[in-house]
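Structure first, then comments.
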Amino acid sequence: MEFFKPDTNIDFMGLRKLAAVISVVVCVASLVVLGMKGLNWGLEFTGGTEVKVAYSEPANLNLIRQALTKAGFDDITVQTYGTSKNVLMRMRGHQNLKKKTIGDEIMSALPGSTLLSVDYIGPQVGKELATNGALALFIAMLGTAVYVALRFEYRFAVSAAVALLHDPIIILGVFSYFQMEFDLISLAAILTIIGYSLNDTIVVFDRVRENFRKHRKFSPSEIVNMSVNQTLSRTIITSGLTLLAVLALFFYGGQTLHGFATGLLIGIVVGTYSSIYVAGALAVVLGLDRQNFLPQNKEALDNRP
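Sequential numbering of the sequence shown, starting at 124, is according to our numbering.
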């Protein structure tokens with residue numbers, strides 16, 4: 124099944140300057156927002172208390188929130204997990220209260236519930252998680268750059284690395300602007316998007332290498348354009364089906380998966396865009412040429428007078 128004919132010739136590279144301006148503006152705006160507002164870190168990063176209770180019937184989350192607010196628990200997140208009878212409550216602070224004290228206060232505020240567990244996450248643990256998360260992003264990008272350089276060519280490696288940096292910056296900018304909670308699940312979404320975007324980029328790069336070897340009279344811009352058009356149907360089908368699955372998570376996955384689904388939604392759109400206009404266009408700007416894909420002996424023969 125193809126949405127576009129094999130000989131489709133949309134001039135993607137003709138818009139690369141406009142796309143470059145848009146990318147720079149959006150990335151700079153995201154960095155400014157991150158610098159000014161920061162991220163709304165989740166409990167795993169800031170430290171706090173996590174309480175689990177159970178009800179004999181499906182829980183009414185609105186009534187639970189109202190009861191906890193009256194009891195003095197203002198900054199608290201309430202959500203179901205597992206089943207509609209199990210409730211998870213997460214709150215920042217309260218480090219000075221013992222687990223038993225917090226549990227007793229929760230039980231007093233929520234008669235009819237059964238206390239399952241009270242867990243406290245210290246700020247030191249949160250700091251370590253933030254450090255490990257940043258390290259995971261760095262290793263993922265470094266490994267990607269090395270892989271692309273070995274498989275293709277260093278210009279592709281630089282282009283892919285910039286594209287992969289481009290995507291998380293925009294996702295983090297959106298999270299910061301709307302002050303959506305950024306937790307470990309949201310971090311997992313960013314790492315997932317790095318792999319997803321790389322897959323799209325590799326498909327285009329592989330076709331670019333193949334077309335450089337097949338067509339000698341085309342310029343680098345024409346080769347990249349041709350390659351993007353040839354993989355366009357595959358890109359639309361893959362992105363569209365993935366988007367449908369993520370939309371289901373976004374609307375029906377509940378509050379627990381909301382950050383994950385939001386990160387994926389943004390990442391799929393931005394990642395598809397960056398694989399064309401960031402990775403492909405930047406490779407052309409860096410001087411990508413047919414000679415970069417020819418064996419040395421073949422290149423010598425082609426350059427004979």
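Using N, Cα and C, we set each Cβ at its ideal position, and we do this for glycine too.
Delimiting residues of the alpha helix (DSSP H) encompassing aspartate 329: On the sequence shown, position 206 is the one that residue 329 refers to. Per DSSP, aspartate 329 belongs to the alpha helix (DSSP H) from 307-337.
Unbroken beta strand (DSSP E) run spanning glycine 171, endpoints: In the sequence shown, counting from the first residue as 1, residue 171 sits at position 48. Residues 171-177.
Environment of arginine 336 [buried if 16+ CB atoms lie within 10 Å]: One-based indexing of the sequence shown puts residue 336 at position 213. Under this definition arginine 336 is an exposed residue.
With a threshold of 8 Å on Cβ separation, who are the neighbours of glutamate 422 within its own chain once the five nearest residues in sequence on each side are excluded? By one-based count along the sequence shown, residue 422 stands at place 299. For glutamate 422, the predicted structure reports a pLDDT of 45, less than 50, and the residue's modelled location is therefore unreliable. The matter cannot be settled from this model.
Roughly how far, in whole angstroms, is the beta-carbon of glutamate 333 from the beta-carbon of glycine 382, given that I think they are within contact range, below 8 Å? Here the question's residue 333 lines up with position 210 in the sequence shown. Here the question's residue 382 lines up with position 259 in the sequence shown. Not a contact, Cβ separation roughly 39 Å.
Quick one: using the 10 Å Cβ neighbour count with 16 as the cut-off for buried, is alanine 384 buried or exposed? In the sequence shown, the residue the question calls residue 384 occupies position 261. Alanine 384 is buried by the Cβ-count criterion.
Tell me which residue opens and which closes the beta strand (DSSP E) that tyrosine 243 is part of. Within the sequence shown, numbered from 1, the residue matching residue 243 stands at position 120. 237-244 is the span of the beta strand (DSSP E), which, as asked, contains tyrosine 243.
What residues in its chain sit with their C-beta under 8 Å from that of isoleucine 244, if we drop five residues either side in the sequence? Here residue 244 corresponds to residue number 121 of the sequence shown, with the count starting at 1. Closer than 8 Å at the Cβ level, and outside the excluded window around isoleucine 244, lie Leu166, Glu167, Gly170, Gly171, Thr172, Glu173.
Just to confirm before moving on: does the CB-CB distance between tyrosine 375 and serine 146 stay below 8 Å? Position 252 of the sequence shown holds residue 375. Position 23 of the sequence shown holds residue 146. Not a contact, by the Cβ cut-off of 8 Å.
CA-CA distance, isoleucine 133 and alanine 404? For the purposes of this step, residue 133 is identified with residue 10 of the sequence shown, where counting begins at 1. For the purposes of this step, residue 404 is identified with residue 281 of the sequence shown, where counting begins at 1. Going from the Cα of isoleucine 133 to the Cα of alanine 404 covers about 14 Å.
Based on DSSP bridge pairs, tell me the residues matched to methionine 136. Within the sequence shown, residue 136 is the residue found at index 13, counting from 1. According to DSSP, which records beta bridges pairwise, methionine 136 is partnered with nothing at all.
Output yes or no for whether 8 Å exceeds the beta carbon distance between isoleucine 293 and valine 148. The sequence position of residue 293 within the sequence shown is 170, counting from 1. The sequence position of residue 148 within the sequence shown is 25, counting from 1. No; because the gap between Cβ atoms is not below 8 Å, this pair is not in contact.
Neighbour-count burial assignment, phenylalanine 196, 16 or more Cβ in a 10 Å radius: For the purposes of this step, residue 196 is taken as the residue at position 73 of the sequence shown. Phenylalanine 196 should be labelled buried.
Over what stretch of residues does the beta strand (DSSP E) that includes lysine 208 continue unbroken? For the purposes of this step, residue 208 is identified with residue 85 of the sequence shown, where counting begins at 1. Lysine 208 -> beta strand (DSSP E) spans 206-215.
Does the Cβ of arginine 278 have 16 or more other Cβ atoms within 10 Å, making it buried, or fewer, making it exposed? Residue mapping note: residue 278 aligns to position 155 of the sequence shown, counting from 1. By the neighbour-count rule (16 or more Cβ atoms within 10 Å), arginine 278 is buried.
Can you tell which of Leu409, Tyr319, Asp306 has its C-alpha closest to the C-alpha of serine 397? In the sequence shown, residue 397 corresponds to position 274, counting from 1. Checked all of Leu409, Tyr319, Asp306; the closest Cα to serine 397 is Tyr319.
For glutamate 304, which of helix, strand or coil comes out of DSSP? Here residue 304 is taken as the residue at index 181 of the sequence shown, counted from 1. If DSSP states are grouped into helix, strand and coil, glutamate 304 belongs with the strands.
Using the Cβ count rule (16 or more neighbours within 10 Å means buried), how would you classify valine 327? Here residue 327 refers to the residue found at position 204 when the sequence shown is read from its first residue. Valine 327 comes out buried.
Own chain partners of isoleucine 346 with C-beta closer than 7 Å, once the 5 adjacent residues on each side are dropped: Along the sequence shown, one-based indexing puts residue 346 at 223. Only Val331, Asn334, Phe335, His338 meet the Cβ criterion.
Supposed contact pair tyrosine 178 and glycine 494 - C-beta distance, whole angstroms, cut 8 Å: Nothing about residue 494 can be reported from this structure: the residues present for the chain run from 124 to 428 only.
With DSSP collapsed to three states, give me the class of threonine 224. Counting from one through the sequence shown, the residue named residue 224 turns up at place 101. Reduced to three states, the DSSP call for threonine 224 is helix.
Kindly indicate which three-state DSSP category threonine 203 falls into: helix, strand or coil? Within the sequence shown, the letter at position 80 stands for residue 203. Strand.
Going along the chain, which residues of its own chain have a beta-carbon closer than 8 Å to the beta-carbon of valine 210, five neighbours each way excluded? What you label residue 210 is simply residue 87 of the sequence shown in a count that begins at 1. So the qualifying residues of the chain are Lys175, Val176, Ala177, Tyr178, Ala182, Leu184, Ile187, Val201, Gln202, Thr203, Tyr204, Ser236.
Specify, as a first and last residue, the run of the alpha helix (DSSP H) that threonine 395 falls within. By one-based count along the sequence shown, residue 395 stands at place 272. Element bounds for threonine 395: 381-397.
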